[in-house]
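Numbering (this note's numbering), first residue to last: 985 to 1462. Built from N, CA and C at the ideal position, the CB exists for glycine as well. Predicted, not measured: the structure shown is a model, and the values here were computed from it.
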Amino acid sequence: MCYGAIPTLDQEGYLREEAIGNFQINRHPSRTLSAVTRSVLPQVRLFRVPVPDNTPSTPGPDCAMYYLSRRVLIMLTCSVLITTIVFFTAYGVYGAPSSAEDLSHEAGDAELLDHLGRRPGLELKQVHVFFRHGQRTPADTYPKDPYVNFTFEPYDWGQLTNKGKYSVYEQIGLWLRERYGRFVGATYRAKNVHVQTTGVSRTQMSMQLVLAGLFPPQGTALQWNRRLDWQPIPYFSEPLSQDTLLLVRVSCPRYTETVQESFQMPEIKALMNANKQLYENLTRITGLTIATPDDVQSLFSTLKAESEFGLKLPAWTKEYYPHKLLPLTKKSYALNVYTDEMKRLKGGPFLRKTLNEWEALIANPTGSHKKILLYAGHDSTVVNILSALKVWDETVLPDYGVMGVLELYRDVSTGQYSVTVGQKQLGQPLQRLAIPGCTEVCPIEKLKTVLKTTIPTDWKKDCVAKDPTVVEPPPSGP
């Protein structure tokens, strides 16, 4: 005879005893899976199983080993199952470690700097990040545009697309989390973060997406909903007509004069004459007056947005888009800040604010200062600021999500403060840029010297026109 029974679970979750040898199954409806998990060891009931008369009367070794191995297997399976249930039950009740238990801020400076790819001995003190919003639907059109009455459902005009949302979340928000997570900490703290956008919905939405990637609340004391790994974070915006920082749309008559003066320069006159026929052709084809590189840039941006939305462009565009429009589009951004004075009037306010932040931190290192300052703007925002830093490459198109990064470091051995400048396009690594006349890690006093022509000391005074009769044109759409 062979004795024994192996407890198993049937498809309905009932415990059953399967006999060794001839099969005898006893179902126990009252003992379900939950009953099994209340006991560490499975309950095995021995019973006698009838077998044919010609079977040996003593249990064989194979039968005994089979029974033993099956029993051990069941015991191990139940142990693993119980351990798993206990773990996830505890996690659901108590949650992940809170921010008080987060030890990321205790990482040494050397480890942090290795993470950032910086040289040893430099301590990161503050970060400024400014970026263009994500991919959008067209914000402008032209009279002969076949899609002039298109609604761009479900987004509407000038709004972030789903691709644009995901790209800024993943390639800016998550990238910032990976790069500066140790520095800013796992938990969002209002005292450590400044957030600002232009008064445009696509920049405000882009910033919310970046913040979602940079500060997910899961695993921190700010986690408020286990089903939603997101938390509300406030941001500041100036109305477009009152923008003093990211678009600089407040009245500045002198800037209007500088634009007019720049178009009298020989090289710009030559550029205009060389493209006179192109302007005339585009004006005739589109029904829109095309007279400057800025007009070309507006048309290029519309065609680009329509194409990326999946719309078929008109046949005429094959001769012009993108190859004939792209060089003038890139040039238009540089022309808006062509001289040092123009750079000071457009990009200078941001540099002045940033420098004020740095100087306040240097003067009082132990005081309360922001760790990271985030700004969401437009293509011109990034170009104007990097141009004021004298590092913008005018052969580059400031595409969606283009980003500038300013990092303030302190040398732990000398106490000297230095600045690095970086630029990043979506999907590309951070590119370090050296300010002309300075090294890649530029001492802050040297920076103030080499950029003295683009950092304003009295911006309002700088904006006073030489000709009091100058009339500022109405601002175009951002």
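Three-state class that DSSP yields for P1458 in the structure shown | As a position in the sequence shown, residue 1458 is number 474, starting the count at 1. P1458: coil per DSSP, three-state reduction.
Could you tell me the distance, in whole angstroms, from the CA atom of A1372 to the CA atom of P1138?
-> The residue labelled residue 1372 in the question sits at position 388 within the sequence shown. The residue labelled residue 1138 in the question sits at position 154 within the sequence shown. Using only the alpha carbons, I get a separation of about 38 Å.
For the beta strand (DSSP E) that contains M1387, what are its first and last residues?
-> As a working note, residue 1387 is residue 403 in the sequence shown. Unbroken beta strand (DSSP E) run through M1387: M1387 to D1395.
Give me the Cα-Cα distance between L1144 and Y1384, rounded to the nearest whole angstrom.
-> Counting from one through the sequence shown, the residue named residue 1144 turns up at place 160. Counting from one through the sequence shown, the residue named residue 1384 turns up at place 400. Going from the Cα of L1144 to the Cα of Y1384 covers about 10 Å.
Classification of D1279 by the beta-carbon crowding that lies within 10 angstroms, buried from 16 upward = Here residue 1279 is taken as the residue at index 295 of the sequence shown, counted from 1. The residue is buried, with at least 16 neighbouring Cβ atoms inside 10 Å.
Per-residue DSSP class, three states only, for R1328 | Walking along the sequence shown from the start, residue 1328 turns up at place 344. If DSSP states are grouped into helix, strand and coil, R1328 belongs with the helices.
Cβ-based burial, R1011 [other Cβ within 10 Å; buried from 16] = Position 27 of the sequence shown, counted from the start, is the residue given in the question as residue 1011. With a pLDDT of only 43 at R1011, under the threshold of 50, the placement of this residue in the model should not be trusted; the figure read from the coordinates follows. Exposed: under 16 other Cβ atoms inside 10 Å.
Given G1294 as reference, the closest of V1232, L1309, T1121 and L1224 once Cα atoms are compared | Locating residue 1294 in the sequence shown gives position 310, counting from the first residue. Of V1232, L1309, T1121 and L1224, the residue nearest in Cα terms is T1121.
Nearest-angstrom Cα separation, counted from E1424 out to T1441 = In the sequence shown, counting from the first residue as 1, residue 1441 sits at position 457. In the sequence shown, counting from the first residue as 1, residue 1424 sits at position 440. Distance between the alpha carbons of T1441 and E1424: 25 Å.
Which residues does DSSP pair with T1182 in a beta bridge?
-> Working through the sequence shown from its first residue, we reach residue 1182 at position 198. Answer is E1222.
Alpha carbon to alpha carbon, what distance is there between L1339 and P1200?
-> Within the sequence shown, numbered from 1, the residue matching residue 1200 stands at position 216. Within the sequence shown, numbered from 1, the residue matching residue 1339 stands at position 355. So the two alpha carbons sit approximately 30 Å from each other.
Going by alpha carbons, who is nearest to Q1412 out of D1140, N1133, W1159 and Y1126?
-> As a position in the sequence shown, residue 1412 is number 428, starting the count at 1. Among D1140, N1133, W1159 and Y1126, the Cα nearest to that of Q1412 belongs to W1159.
Using beta-carbon positions only, say whether G1271 and W1443 come within less than 8 Å of one another.
-> For this step, residue 1271 is matched to residue 287 along the sequence shown. For this step, residue 1443 is matched to residue 459 along the sequence shown. Going by C-beta atoms, G1271 is not nearer than 8 Å to W1443.
Output the residue ranges of the beta strand (DSSP E) runs that lie fully inside the stretch 1127–1161 and measure 3 residues or longer, sorted by chain position.
-> none
Output the boundary residues of the beta strand (DSSP E) element that contains K1374.
-> Residue 1374 sits at position 390 when you count from the first residue of the sequence shown. No beta strand (DSSP E) contains K1374, which DSSP labels as neither H nor E.
When the Cα of L1319 is compared with those of T1276, R1416 and Y1153, which residue comes out closest?
-> Counting from one through the sequence shown, the residue named residue 1319 turns up at place 335. Looking at the Cα atoms, T1276 is the closest of the given residues.
Helix, strand or coil for Q1202, going by three-state DSSP, please let me know.
-> The residue you call residue 1202 lines up with position 218 of the sequence shown. Three-state DSSP puts Q1202 in coil, outside helix and strand.
Give me the Cα-Cα distance between R1116 and L1106, rounded to the nearest whole angstrom.
-> Within the sequence shown, residue 1116 is the residue found at index 132, counting from 1. Within the sequence shown, residue 1106 is the residue found at index 122, counting from 1. Distance between the alpha carbons of R1116 and L1106: 29 Å.
How long is the line joining the alpha carbons of R1328 and I1419, rounded to whole angstroms?
-> Within the sequence shown, residue 1328 is the residue found at index 344, counting from 1. Within the sequence shown, residue 1419 is the residue found at index 435, counting from 1. About 16 Å.
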